[in-house]
Every structure is written in structure tokens, then in C-alpha cells.
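So the sequences go chain by chain: A and B.
Residue numbering for the first sequence is 2 to 195, as defined by this note's numbering.
Residue numbering for the second sequence is 2 to 195, as defined by this note's numbering.
C-beta atoms are modelled at their ideal positions from N, C-alpha and C, and glycine is treated no differently.
All values reported here derive from a predicted model rather than from experimental measurement.
Here's the structure, in C-alpha cells; my notes come after.
2 protein chains.
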Amino acid sequence: MPYTLLKENIDKHIQFSDSEFETYSHFFYPKTISKKDFLLRQGDVCRFEGFVTKGCFRVYTIDNDGNENVLYFAVEDWWVTDIDSFTNQAPALLSIQALEDSEVLLINKKDKELLYQQMPKVEKLFRIMSQKTLVSLQRRLIRNHCYTADERYLHFIKTYPKIAQKLTNLQIAAYLGISHEFVSKIRKKIASKK
Amino acid sequence: MPYTLLKENIDKHIQFSDSEFETYSHFFYPKTISKKDFLLRQGDVCRFEGFVTKGCFRVYTIDNDGNENVLYFAVEDWWVTDIDSFTNQAPALLSIQALEDSEVLLINKKDKELLYQQMPKVEKLFRIMSQKTLVSLQRRLIRNHCYTADERYLHFIKTYPKIAQKLTNLQIAAYLGISHEFVSKIRKKIASKK
DNA sequence: CAAAAACATTGAACTAGTTCAATAACTGTG
DNA sequence: CACAGTTATTGAACTAGTTCAATGTTTTTG
């Protein structure tokens, strides 16, 4: 079942034969992780790339003033890693924490390199995935500039209704870059308009 | 000379033999572009990926309210394209305009695909480049949340002193996501502190 | 080289979003 | 099931950044 999700994930980007997928998927091993536990802590080296098959994670960083900043939330079918830390085996800026009991498929650094060697097609797969992620990050950056907090909140809950459901105001606020009190006020404003 | 820059650009990410570089570079053709001319206009399909060998570009979008939003500035050694539009041959959200007389090396869509086929190693190259870009975008997103406008301005001129020099307040403002009047006020504040 | 156009500076009035503090409502756990 | 801890709501005072308008400065172009 978790591997079925992985297959479906690939199918969105590229065509793999059954035997190719066989090879690919054998590099990944499952891991369960309990609510509130960490897959990665800021400062540690990120040893994995992870594909979420169940549950929900927050990928975030704490800045010098102690403010929490959520880069993204990852549910089923999302990838989680600190790419920079993983690629360079340097201390991570990001923390990755399970918001509920979750399951991931992990691949470690050495195996990822081996996989690239054995299956050059995986380069293309990750090239395509990186580029898609890049596009969505570019759009988010632009939205952050030209949308008000209200608009960004509405866009978020409309775009990710299932994720939004699972989150507290505090977490949504940390993602949108606004105070949680203001999220409360936005909600009130919206409710009164209906 | 322009091709020397392209070689140096690759060397930062991956090792190419001379003959590999030969093959690679032959897919690119030079183009000069005059100040204020457009390499790409919002709404058109982006037919190229471009490597800047001289001059300066702004890559931006105009939102529904008519506000200009600069995604990034590209000088020598930077790449310019609307990846989304280029990949899917769909109308571009981005415009790319020369801020001064400039030169680029371009590769078009068909040749890019041919290049990927002929040289799988190019997949790795662009996978690596995309991931590095992704990391810097993630960091910028976080900075936008936890830095004040003053800090973001200072960070920008410190990180890209050569680019900043070439830009007007208006352009820097459109990049930082603040009003150009406020850029003026930030400058004044900084000057008085010295 | 003069006129026009674009850009920069400044101040005053404003507003979106913050901060703080107090209270209320949940949620998890012994 | 009670209570400790976390989360949500609300209002009042505040502030970072905007908007508008007026003036000055630089750049472009006929």
C-alpha cells in the first residue's frame, strides 16, 4: 500500500516500467513515526529523503528571535527533507515534526547516490520534481507580496482544504507569516460575511 | 568568451569533459538584446532557457492590481526563463526585460529535449541547479517572513552589491515587496546612522 | 541642450497587521 | 473526570509600512 502511493507519485512525472519501479522502490524503507516526534531536528544532518504515506508533518525553522516559520506541511504523497542539508550533509536549518502518527518511506544518502548511478532516469524524475516545486515556490513568493493576509489565508484553505483541517491557527499563522491572533480575526471577518 | 562563462557555470555544479562541453555548448546560440527590450512577455509562450553572458535582466510579473513584482534580477552567470511556461509550452506568467544592453546564450525547447536525450548527464546538471535554486527560494521565503523591510533591504544590497548598484529604488522595491517611497526612507535611516 | 519623462525624497495622514493581556474553550493524560 | 497545558477569541494600544501629494533631481531623447 505505501509503495502503491510511491508508484502513483512517480506516474505523475515520468513513466517507469514495472521492473524499473521494482529497482527504484527497493531503495526505500518504511518508518513509522509518532505524533510530535521529529524526523529531523534543526542543527542535525539530514540523512534521508522521505515520502509521506500516512499522516502529516510540518517542515519549519526557528529564527533568531524564536519565531517559528513553517515552510510547508506535508501529508500523503508529499516529500519531506532538508535538501540543502541532505545534499551537502551539513547541519539542517529545518526541523521536520509529525503532527499526527505518520508513516514515511525513506531513502538514505548513500542509497540515493547509488540509485542515481544505477538508474539515470531517476535524475530526470528528481529534475522534474524539483522544477515543479520551484515553480510553486516562485508563485508563493509572488502571492506573499501581492496578496493581503486575508487573501493568503483564503487561498491556503481553498488550495489545501484537507491539510488546513488538520492544523491549528498557530500552525497556519506560522505558514502564512502572520500572528495567530490575526488568523483568528480573519476567521471572524469571514464568518460574519456569510 | 560567452561560452567560457557557460563552461565556468557548469564547473560549479558538475564535471564535464571537453568533448562533453563541446556537445553541450553547441546547442546554445548567442543573442544580443537592447536595453528595455523583452526576452519574454507575460502571456507569450517561453521558447527558451537563457544564460546571461552580459548585462542585466529583470524577471517579473504584473498582478491583477497592476503591481509589478520582481522575482529576481539576472546578471552575468545567471539563468533566465519561465520554467513553467518553457516546460509546458503554456502562456508565461513572467516577463523578462533587459535593464541594459545585454547578451544571452539561448537553447530552445526542442534542442533542450534533444540535449537531455543525447547527454543524460545534463539531467543531473539541471537537477542539481534546480535544487540549488530551490534552496535559495526557500531561504528567501523565510527571510520575507522573519525580516523587516529594513533588514531585507540590507540583506539584498549586501548579498548582491553589484546588482543593487544597477537598480533604481523602484526596482529594488518591486523585488522586496515594499513601496519605493519606503525604500527611500530606509536609505535615509541607514545614511543617518553612519 | 532644452524639454519631457522618469526617478527620488519628504512629510502627513492612514491602515493592515502586531503585541499584549485577559478570558474562554478545548485536549490530553494521570 | 479533573486539572494542566495548549489553543482560540477578543479588544485596546501600537507600529511598520502604505498612500497620496508636492517638490526636487536625474536621465533620456528629439
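Would a check of beta-carbon distances place residue i closer than 8 Å to chain A?
{"i": "Val105 (chain B)", "result": "no"}
{"i": "Gly178 (chain B)", "result": "yes"}
{"i": "Val125 (chain B)", "result": "Checking the displayed sequence, the identity of residue 125 (chain B) turns out to be Lys instead of Val. Yes, Lys125 (chain B) counts as interfacial toward chain A."}
{"i": "Asn109 (chain B)", "result": "no"}
{"i": "Cys1 (chain B)", "result": "In the structure as shown, chain B starts at 2 and stops at 195, and residue 1 (chain B) therefore has no counterpart that could be examined."}
{"i": "Thr160 (chain B)", "result": "no"}
{"i": "Leu168 (chain B)", "result": "no"}
{"i": "Ile84 (chain B)", "result": "yes"}
{"i": "Leu142 (chain B)", "result": "yes"}
{"i": "Leu72 (chain B)", "result": "yes"}
Determine whether the beta carbon atoms of residue i and residue j lie at a separation below 8 Å.
{"i": "Val81 (chain B)", "j": "Val60 (chain B)", "result": "yes"}
{"i": "Tyr30 (chain A)", "j": "Leu116 (chain A)", "result": "no"}
{"i": "Leu135 (chain B)", "j": "Ser131 (chain A)", "result": "yes"}
{"i": "Ala150 (chain B)", "j": "Ile191 (chain B)", "result": "no"}
{"i": "Gly178 (chain A)", "j": "His146 (chain B)", "result": "yes"}
{"i": "Ala99 (chain A)", "j": "Gly56 (chain A)", "result": "yes"}
{"i": "Leu142 (chain B)", "j": "Leu7 (chain A)", "result": "no"}
{"i": "Phe17 (chain B)", "j": "Asp112 (chain B)", "result": "no"}
{"i": "Glu77 (chain A)", "j": "Ala175 (chain A)", "result": "no"}
{"i": "Pro121 (chain A)", "j": "Pro162 (chain B)", "result": "no"}
{"i": "Leu126 (chain B)", "j": "Ile34 (chain B)", "result": "no"}
{"i": "Lys133 (chain A)", "j": "Arg48 (chain A)", "result": "no"}
For chain B, is any of its Cβ atoms less than 8 Å away from the one on residue i?
{"i": "Ser131 (chain A)", "result": "yes"}
{"i": "Asn10 (chain A)", "result": "no"}
{"i": "Val136 (chain A)", "result": "yes"}
{"i": "Thr24 (chain A)", "result": "no"}
{"i": "His146 (chain A)", "result": "yes"}
{"i": "Thr62 (chain A)", "result": "yes"}
{"i": "Pro121 (chain A)", "result": "yes"}
{"i": "Thr88 (chain A)", "result": "yes"}
Taking the alpha-carbon of residue i as reference, which of the options has the nearest alpha-carbon?
{"i": "Asn170 (chain B)", "options": "B:Asn89, B:Val136, B:Asp66, B:Val71", "result": "B:Val71"}
{"i": "Thr88 (chain B)", "options": "B:Glu69, B:Gln98, B:Glu114", "result": "B:Glu114"}
{"i": "Asn65 (chain A)", "options": "A:Val53, A:Phe49, A:Ile84, A:Gln43", "result": "A:Gln43"}
{"i": "Trp201 (chain B)", "options": "B:Lys13, B:Arg153, B:Lys189", "result": "Here chain B covers residues 2 to 195 and nothing more, so residue 201 (chain B) does not appear."}
{"i": "Phe22 (chain A)", "options": "A:Glu9, A:Ile129, A:Tyr154", "result": "A:Glu9"}
{"i": "Lys37 (chain B)", "options": "B:Leu155, B:Val53, B:Phe58", "result": "B:Phe58"}
{"i": "Ser137 (chain B)", "options": "A:Asp19, A:Ala165, A:Ile158, A:Ser86", "result": "A:Ser86"}
{"i": "Ser180 (chain B)", "options": "B:Tyr154, B:Tyr148, B:Gln118, B:Ile158", "result": "B:Tyr154"}
{"i": "Ala165 (chain A)", "options": "A:Phe74, A:Phe183, A:Asp19", "result": "A:Phe74"}
{"i": "Ile63 (chain B)", "options": "A:Thr54, A:Ile129, A:Arg144, A:Val123", "result": "A:Arg144"}
At least 3 beta-carbon pairs within less than 8 Å: the stretch 88 to 97 of chain B vs the stretch 88 to 102 of chain A: no
Cβ pair count under 8 Å reaching 3, the stretch 3 to 10 of chain B against the stretch 97 to 107 of chain B: Yes, they touch.
Complete runs of the beta strand (DSSP E) confined to the stretch 146 to 175 of chain A [at least 3 residues]: When DSSP assignments are scanned along the stretch 146 to 175 of chain A, no uninterrupted stretch of beta strand (DSSP E) that is 3 or more residues long falls wholly within it.
Alpha helix (DSSP H) runs wholly inside the stretch 64 to 147 of chain B, at least 4 long, in chain order: 84 to 89, 110 to 119, 122 to 147
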